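Peer 1: Sharing a structure here in structure tokens format.
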Amino acid sequence: MKTQNHIYLFMLAILASSVAQADATLDKIRSRGVVAAGVIVDSPPFGFIDPKSGQAGGFNIDLARSIAQRLGARLELVTVTPPNRVQFLQQGKVDLLLANMQLNAERSAILGYVPTAYGEAGGGLIARKGSGIKRWEDVKGKVICVSQGSNYAKPLLEQYGANVRGLTGMPESLLALKSGSCAASVHDSAPLHLLVSENPEWKEYEMPVSKDLIPLPSVIWVRKGEHDTEKALDQIAQDWYRSGWLLQETRKFRIPVTPELLKWQARYPVAIH
Amino acid sequence: MTDWLPSLVSGAKHLGLNYGFVLNPFERTAWLSGIGVTLELVALALAASLLAGVGMAVLLTSNRPWLQHPVRVLIELTRNTPVLVQLYCAFFVVNMLLNRVLDGAQHNPLTAFAWVIIVLSIHYGAFHAEALRAGIESVPAGMRESAASLGFSRRQLLWHVELPLAIRFALPSLINNLINLVKTTALGSAIAVGEVTYTSLMIWTQHDNVLELMLFIFLVYGLLTLLVARLGRRLEHRLRMPGYGH
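Shown next, in the form of structure tokens:
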């Protein structure tokens, strides 16, 4: 992988020797005038298809729009799913991923990321009212549905002894919960909170566990070694905090403002004009 | 057995391949059981689809319209819609209705595994039935008449004359269908049946080692289909009747 990157960089250095101040991704974005962002559209409020306009919208998509605007490029939204998103990035189909991907050691070994996180996400559990699940420990031996590629599969299985089933995506997992094939579903807690609090179709369901499962920072992912892209995007992410826009957006989409997010906000205080 | 495993994994790492998951007992067991589940799926769906195929073929050629027509409709319906759609429909819709009728999921004996067997058996049963029908209809009228003149009943005629010949005639198509069936068991991953595609998918979404597992999956399915094709070929030779067919 490393040698491949070197060859890639070398080729680009020859091709673009006149303007080679930035890395491959940033060069590509600037020369094409387009930034391709991989987003997930089946997980409101992070990303969803607006039923009225048919357009993609959501927290992650707003962030992608802001990045494109700041880079002075046109935004190209590419729909990805948890099982294919890393390949989309590695194969160059997208320049960055704003796809609900949290920071972990295994990912950061093969991908690059923007150090300033744009949010924090942990797992929430949704179950039919009266399921008997009150704490994470209660999932032991029960069938728990997740999306294929979910971070939560591993702790549910290895730490809590659940019988984990991975369905192709969150809609399928929730459908399986409704059809009674699983005792509970575990996904990012923000979209689930939205579901049980606002959607009358889910009034029979609740989120009985108050603590989130493995809360981790959500970050923007780029290809490994694209340090200039990382730096440019990190500047943009810091500005989201400094302008107060990130907190506004988080609240606008009713994503819980966690203590960790407030801590990051304190690091980049909102500038008073 | 774990002595040589770490050195094999680190050897693969030098080649740029991340097979680290085989050192994690959870993931190793899950992955190996995935191969087991695929084998179970193949064995059960293969047998059940052949039974369903013979049954449908018999009804199709029965000359009784009230038996023929419903089977014809079923065949057209299953043959002409995608297996994945049928599987989703069975698992999400029919299963939910069944849960309601049975008053709760805990009383429903049909698991996702069972639904895959059911859907695949009917789907490939329909293809088998068409192949067998062609075989039954290719039995020369003279042979049928000779059997009838020897006093064979309709049932005897079917079991002792028509089906033995039909199976010989249909065998290449039946083996084709069965090879397809082996490959289609991978669709079980869509409804979280823990077969080898599913377990690999669950591992590569954690470790992002897609290439490494893809190589494994290709090998597993390649060997399985090769086995089915070889067995089919051998069966063709065993059943060969000089002077009939090839």
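So the sequence lines, in the order shown, correspond to chains W and C.
Position one of the first sequence corresponds to residue 1 (this note's numbering), numbered consecutively onward.
Position one of the second sequence corresponds to residue 1 (this note's numbering), numbered consecutively onward.
In this text, a Cβ means the ideal position worked out from N, Cα and C, and glycines have one as well.
All figures in this text were calculated on a predicted structure; none of them were measured in a lab.
(1) If you count every other CB in all the chains shown that lies within 10 Å of the CB of N95 (chain C), and 16 or more means buried, which is it?
(2) Output the residue ranges of the alpha helix (DSSP H) runs that lie fully inside the region 192 to 221 of chain W and measure 4 residues or longer, sorted by chain position.
(3) Since G123 (chain W) meets chain C, which of its residues come closer than 7 Å, beta carbon to beta carbon?
(4) Count the other CB atoms, across all protein chains shown, that sit within 10 Å of the CB of T81 (chain C); report buried if there are 16 or more and exposed otherwise.
(5) Which residues does DSSP pair with H187 (chain W) in a beta bridge?
(6) Going along the chain, which residues of the region 94 to 106 of chain C sit with their C-beta nearer than 8 Å to a C-beta in chain W?
(7) So is Q87 (chain W) in contact with chain B if we call contact Cβ pairs under 9 Å?
(8) Under three-state DSSP, which class holds L17 (chain C)?
(9) Under a Cβ-count criterion, where at least 16 other Cβ atoms within 10 Å of its own Cβ denotes burial, should F48 (chain W) be classed as buried or exposed?
(10) Look at the alpha carbon of L59 (chain C) and the alpha carbon of A166 (chain C), and state the distance between them as a whole number of angstroms.
(11) Which same chain residues, not among the five before or five after V78 (chain W), have their C-beta less than 8 Å away from its C-beta?
(12) Find the nearest neighbour of V161 (chain C) within the set C:A170, C:V182, C:S10, C:A148, judged by alpha-carbon distance.
(13) Could you tell me the boundaries of the beta strand (DSSP E) in which V85 (chain C) lies?
(14) Got a sec: is the Cβ-Cβ distance from P83 (chain W) to anything in chain C below 9 Å?
(15) Does A20 (chain W) come out as helix, strand or coil in the three-state DSSP assignment?
(16) Counting only the same chain and skipping the five closest in sequence on each side, list residues whose C-beta sits under 7 Å from that of L75 (chain W).
(17) Taking 9 Å as the CB-CB cut-off, is S181 (chain W) touching chain C?
(18) Among residues of its own chain, excluding the 5 on either side of P82 (chain W), which ones have a beta-carbon nearer than 6 Å to its beta-carbon?
(19) What residues of chain C sit near Q148 (chain W), judged by a beta carbon separation below 7 Å?
(20) Rounded to a whole number of angstroms, what is the C-alpha to C-alpha distance between K224 (chain W) and A129 (chain C)?
(21) If we count Cβ pairs, one from each stretch, closer than 8 Å, do we get three or more for the region 102 to 113 of chain W versus the region 257 to 266 of chain W?
(22) Which of helix, strand or coil does DSSP assign to Y279 (chain W)?
(23) Output needed in chain order: residues of the region 161 to 177 of chain W with a Cβ under 9 Å from some Cβ in chain C.
(24) Find the nearest neighbour of L215 (chain C) within the set C:L157, C:T197, C:Q206, judged by alpha-carbon distance.
(25) According to DSSP, is G119 (chain W) helix, strand or coil?
(26) Quick one: is Y198 (chain C) near chain W, going by C-beta distance under 9 Å?
(27) Give the secondary structure of A99 (chain W) by DSSP, where H, G and I count as helix, E and B as strand, and everything else as coil.
(28) Mapping DSSP to helix, strand and coil, what is I118 (chain C)?
(29) Contact defined as beta carbons within less than 8 Å: I believe P45 (chain W) pairs with I255 (chain W). What is the distance between those atoms, to the nearest angstrom?
(30) Could you check whether S181 (chain W) and G124 (chain W) sit closer than 9 Å to each other, using their CB atoms as the reference points?
(31) Exposed or buried, what is W4 (chain C) when buried is set at 16 or more other beta-carbons lying within 10 Å of its beta-carbon?
(32) Looking at the C-beta of H214 (chain W), does it have a partner C-beta in chain C at a distance below 9 Å?
(33) Below 6 Å CB to CB, which residues in the same chain sit around H14 (chain C) once its five sequence neighbours on both sides are set aside?
(34) Can you look up F91 (chain C) in the DSSP assignment and give me helix, strand or coil?
(35) P217 (chain W) and G58 (chain W) - do their beta-carbons sit closer together than 9 Å?
(36) Can you tell me where the beta strand (DSSP E) holding V39 (chain W) begins and where it ends?
Peer 2: Let me spell this out:
(1) Taking the first residue of the second sequence as 1, we reach residue 95 (chain C) at position 95. Buried.
(2) Within the region 192 to 221 of chain W, no run of alpha helix (DSSP H) at least 4 residues long lies entirely inside it.
(3) Here residue 123 (chain W) corresponds to residue number 123 of the first sequence, with the count starting at 1. Contact annotation for G123 (chain W) against chain C: no contact, minimum CB-CB distance about 15 Å [criterion: below 7 Å].
(4) In the second sequence, the residue the question calls residue 81 (chain C) occupies position 81. Residue burial annotation: T81 (chain C) is exposed, with fewer than 16 other C-beta atoms found within 10 angstroms of its C-beta.
(5) If you number the first sequence from 1, residue 187 (chain W) lands on position 187. DSSP lists W:G124 as partners of H187 (chain W).
(6) From the region 94 to 106 of chain C, only N95, M96, N99, G104, A105 have a Cβ closer than 8 Å to chain W.
(7) This model lacks chain B altogether; the protein chains it does include are W and C.
(8) Taking the second sequence and counting its residues from 1, one reaches residue 17 (chain C) at position 17. In the three-state scheme derived from DSSP, where H, G and I count as helix and E and B as strand, L17 (chain C) is classed as coil.
(9) Counted from its first residue, the first sequence places residue 48 (chain W) at position 48. Taking a 10 Å sphere around the C-beta of F48 (chain W), we find 16 or more other C-beta atoms and assign the residue as buried.
(10) Position 59 of the second sequence holds residue 59 (chain C). Position 166 of the second sequence holds residue 166 (chain C). The alpha-carbon of L59 (chain C) is positioned some 14 Å away from that of A166 (chain C).
(11) Walking along the first sequence from the start, residue 78 (chain W) turns up at place 78. If the five residues before and after V78 (chain W) are omitted, its C-beta is found closer than 8 Å to the C-beta atoms of A36, A37, G38, V39, F88, K93, V94, all from its own chain and listed in chain order.
(12) In the second sequence, the residue the question calls residue 161 (chain C) occupies position 161. Per the Cα distances, C:A148.
(13) Residue 85 (chain C) sits at position 85 when you count from the first residue of the second sequence. No beta strand (DSSP E) contains V85 (chain C), which is instead part of the alpha helix (DSSP H) from 83 to 88.
(14) Here residue 83 (chain W) corresponds to residue number 83 of the first sequence, with the count starting at 1. At least one CB atom of chain C sits nearer than 9 Å to the CB of P83 (chain W).
(15) Translated into the one-based positions of the first sequence, residue 20 (chain W) becomes position 20. Caution is warranted here: a pLDDT of 46 is assigned to A20 (chain W), below 50, making its placement in the model unreliable, and the coordinate value is therefore given only provisionally. Note: A20 (chain W) maps to coil in three-state DSSP.
(16) Mapped onto the first sequence, residue 75 (chain W) falls at position 75. So the qualifying residues of the chain are V35, A37, A64, R65, A68.
(17) Taking the first residue of the first sequence as 1, we reach residue 181 (chain W) at position 181. So, interface residue.
(18) The residue you call residue 82 (chain W) lines up with position 82 of the first sequence. Excluding positions up to five away in sequence, the list reads S147, G149.
(19) Against the first sequence, residue 148 (chain W) aligns to sequence position 148. In chain order: L201, M202, T205.
(20) As a working note, residue 224 (chain W) is residue 224 in the first sequence. As a working note, residue 129 (chain C) is residue 129 in the second sequence. If you take the alpha carbons of K224 (chain W) and A129 (chain C), they lie about 54 Å apart.
(21) Below 8 Å, too few C-beta pairs join the region 102 to 113 of chain W and the region 257 to 266 of chain W to call them touching: fewer than three.
(22) This structure cannot speak to residue 279 (chain W), because chain W is shown only from 1 to 273.
(23) Here the close residues are V164, R165, G166, L167, T168, E172, S173, L175, A176.
(24) Translated into the one-based positions of the second sequence, residue 215 (chain C) becomes position 215. That would be C:T197, whose Cα lies nearest to the Cα of L215 (chain C).
(25) Counted from its first residue, the first sequence places residue 119 (chain W) at position 119. Note: G119 (chain W) maps to strand in three-state DSSP.
(26) For the purposes of this step, residue 198 (chain C) is taken as residue 198 along the second sequence, with counting starting at 1. By this cut-off, Y198 (chain C) is an interface position.
(27) In the first sequence, residue 99 (chain W) corresponds to position 99, counting from 1. It is coil, neither helix nor strand.
(28) For the purposes of this step, residue 118 (chain C) is identified with residue 118 of the second sequence, where counting begins at 1. Three-state result, I118 (chain C): helix.
(29) Within the first sequence, numbered from 1, the residue matching residue 45 (chain W) stands at position 45. Within the first sequence, numbered from 1, the residue matching residue 255 (chain W) stands at position 255. Correct: roughly 6 Å between the Cβ atoms.
(30) Walking along the first sequence from the start, residue 124 (chain W) turns up at place 124. Walking along the first sequence from the start, residue 181 (chain W) turns up at place 181. Annotated as distal: G124 (chain W) and S181 (chain W), with beta-carbon spacing of 9 Å or more.
(31) To locate residue 4 (chain C), count along the second sequence from 1; it is residue 4. With fewer than 16 other Cβ atoms within 10 Å, it is exposed.
(32) Along the first sequence, read from residue 1 onward, the residue named residue 214 (chain W) stands at position 214. Per the sequence shown, residue 214 (chain W) should be read as Ile rather than His. No, because no Cβ of chain C sits closer than 9 Å to the Cβ of I214 (chain W).
(33) Your numbering for residue 14 (chain C) matches position 14 in the second sequence. So the list is empty, once near-sequence residues are dropped.
(34) Taking the first residue of the second sequence as position 1, residue 91 (chain C) is located at position 91. Correct three-state label for F91 (chain C): helix.
(35) What you label residue 58 (chain W) is simply residue 58 of the first sequence in a count that begins at 1. What you label residue 217 (chain W) is simply residue 217 of the first sequence in a count that begins at 1. Contact flag unset, no.
(36) As a working mapping, residue 39 (chain W) is identified with position 39 in the first sequence. 34 to 39 is the span of the beta strand (DSSP E), which, as asked, contains V39 (chain W).
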